[in-house]
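Participant:
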Amino acid sequence: MASSTLPPEKNHRLKSILGGSAGNLVEWFDWYVYSAFGLYFAPVFFPKGNATAQLMSVAAVFAVGFLMRPIGAWVMGIYADRHGRKSGLTLSVTLMCAGSFLIAITPGFATIGWIAPALLILARLMQGLSVGGEYGASAVYLSEMAGKSRRGFFSSFQYVTLIAGQLLALGVLLLLQSTLDTAQLDAWGWRIPFAIGGVLALVVFRIRRGLLETESYQNAKADGTPKSSGWLLFSKYPREAFTVLLLTAGGTLAFYAYTTYMQKFLVNTSGFSRESATLIMTAALALYAAFQPAAGALSDRIGRKPLMVGFGIAGVLCTVPIFTVLETATNPYLAFGLVVASLFIVTGYTAINAVVKAELFPAHVRALGVALPYALANMMFGGTAEYVALWLKNEGMERGFYWYVTAMIGVSLIVYLRMKDTRTHSQIIED
6 MASSTLPPEK NHRLKSILGG SAGNLVEWFD WYVYSAFGLY FAPVFFPKGN
56 ATAQLMSVAA VFAVGFLMRP IGAWVMGIYA DRHGRKSGLT LSVTLMCAGS
106 FLIAITPGFA TIGWIAPALL ILARLMQGLS VGGEYGASAV YLSEMAGKSR
156 RGFFSSFQYV TLIAGQLLAL GVLLLLQSTL DTAQLDAWGW RIPFAIGGVL
206 ALVVFRIRRG LLETESYQNA KADGTPKSSG WLLFSKYPRE AFTVLLLTAG
256 GTLAFYAYTT YMQKFLVNTS GFSRESATLI MTAALALYAA FQPAAGALSD
306 RIGRKPLMVG FGIAGVLCTV PIFTVLETAT NPYLAFGLVV ASLFIVTGYT
356 AINAVVKAEL FPAHVRALGV ALPYALANMM FGGTAEYVAL WLKNEGMERG
406 FYWYVTAMIG VSLIVYLRMK DTRTHSQIIE D
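Mind the numbering: the sequence shown is residues 6 to 436 in the numbering used here, read in order.
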């Protein structure tokens, strides 16, 4: 039995899509702020001693948050399937808000001893759960709320806001560095971005409380379909879940190689100053954000498969040459052009991966089906990209990383070639 609820008015639908996207931006701003300001708060939360050891402790806590993402995807994916996409999005931003405020107000090690790092770990656990659940809930919400003819375009804003969150965190860092001296940043200035993130999350919480629920969820609830669970996902939809894992593997590895690792590569291998590398990456990421809706709109016209296959072929052919030329690049304009080229290539994945995954699953298991395999692939390949790259460089085999990225893109390319185009074989039946 279908729900009698009519599809939302176009303006209400657009408002809901923008509300979902804004929340994604804030979530990723809060996530990236931890990495951006780690240099400043490391001595606050951990015992005095070697600065490198303190930074390693901060990195270890960051990794704890990363490892929580599959758990967040599992728990909150089920929650969003059972209680609604709106409820999942609201819970997600609540956890991120709590984590940000906790970091902002927690006294340092000198005041409360080992309770300080314990509270930092607790905050990152909450944020890891939040980010793990946010991807699936927001991907499904944006895909379900958009009409069929513009689903690729609107779902692409998930990565627009992800990139914007990263750029906003970088912008806050640059602003505080220009207005506060190092002593002020070390003492209290680093708390400002976490407080900002918490306040923004409160605003988004209010926005998300007013979002419309999707028709797909309402129909699934009215039809009495089986409740989402890990057992249901892997027993009834193992092919779809495995497809998501493999199509994500090459894409997420390429994304982290071309974005977060690329900045370190420009400094450590190409020889650019940190300031020059930051400017190159900031400008390139701004262009990259602009690529996403254009590619999403193109997928609404020609299908999802051509873009993903295009990414796969170009990634296999161009990854090694791009990194190899960048090794000896001294001209910042050449480096910028090569970085933009790599980001243009991976746009074929990032712009549409959310909608492709959402279109693979029926509504009652969609949030979990999108979130959990993605989180597992992201943990295995995206989260380890920088470590693998630096380890190979340290072992004198830096170019091995280029071939590793190429090989994983090749694995995903095989999946892209074999799968049906989800635009014409979509499990999202409501418009």
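Note that the Cβ used here is the ideal one computed from N, Cα and C, for glycine as well.
DSSP three-state call for L11: helix, strand or coil?
Facilitator: Legend: pLDDT at L11 = 42, less than 50; position of this residue unreliable, value from coordinates given subsequently. DSSP places L11 outside both helix and strand once states are collapsed to three, so it counts as coil.
Participant: Please tell me whether Q432 and E364 are closer than 8 Å, where the distance is taken between their beta carbons.
Facilitator: Going by C-beta atoms, Q432 is nearer than 8 Å to E364.
Participant: Check this for me: beta carbons of A142 and S105, under 8 Å apart or not?
Facilitator: For A142 and S105, no; Cβs fall outside 8 Å.
Participant: Report, in whole angstroms, the separation of the C-beta atoms of G28 and I212, which I expect to be a contact under 8 Å.
Facilitator: 7 Å
Participant: With burial defined as no fewer than 16 other Cβ atoms inside 10 Å of the residue's Cβ, what is the status of M402: buried or exposed?
Facilitator: Under the 10 Å beta carbon count, M402 is surrounded by fewer than 16 other beta carbons and is classified as exposed.
Participant: Where does S40 fall in DSSP's three states?
Facilitator: helix
Participant: Under three-state DSSP, which class holds P337?
Facilitator: helix
Participant: Can you look up P52 in the DSSP assignment and give me helix, strand or coil?
Facilitator: It is coil, neither helix nor strand.
Participant: Answer yes or no: do T219 and E149 have a C-beta to C-beta separation smaller than 8 Å?
Facilitator: yes
Participant: Between Y84 and the rest of its own chain, which residues show a CB-CB distance below 6 Å, the 5 nearest in sequence each way excluded?
Facilitator: G93
Participant: Would you kindly check if the distance between the Cβ of I76 and the Cβ of L124 is under 8 Å?
Facilitator: No, these two residues do not count as a Cβ contact at 8 Å.
Participant: So is D186 buried or exposed if we call it buried at 16+ other beta carbons inside 10 Å?
Facilitator: Answer is exposed; the Cβ neighbour count stays below 16.
Participant: Where does D305 sit, in a helix, a strand or coil, going by DSSP?
Facilitator: helix
Participant: So, helix, strand or coil for P243, using DSSP?
Facilitator: helix
Participant: Closest to K91 by C-alpha separation, out of T166, V165, L173, S221, would be which residue?
Facilitator: S221
Participant: Does the contact criterion of 3 or more C-beta pairs under 8 Å hold for the stretch 353-372 versus the stretch 384-393?
Facilitator: no
Participant: Within 8 Å, do at least three Cβ pairs link the stretch 330-338 to the stretch 187-205?
Facilitator: Here the stretch 187-205 does not lie against the stretch 330-338, with fewer than 3 beta-carbon pairs under 8 Å apart.
Participant: Here's a check: name, in chain order, each residue in its chain whose Cβ is nearer than 8 Å to the Cβ of M71, leaving out the five neighbours to either side.
Facilitator: The sequence shown places Phe at residue 71, not Met. Cβ neighbours of F71 beyond the five flanking positions: G133, M384, G388.
Participant: Going by the beta-carbon positions, is the gap between F50 and A121 smaller than 8 Å?
Facilitator: A contact, by the Cβ cut-off of 8 Å.
Participant: Pick out whichever of R423, M73, F46 has its Cα sitting closest to the Cα of L251.
Facilitator: Check the Cα spacing between L251 and each of R423, M73, F46: the tightest is with R423.
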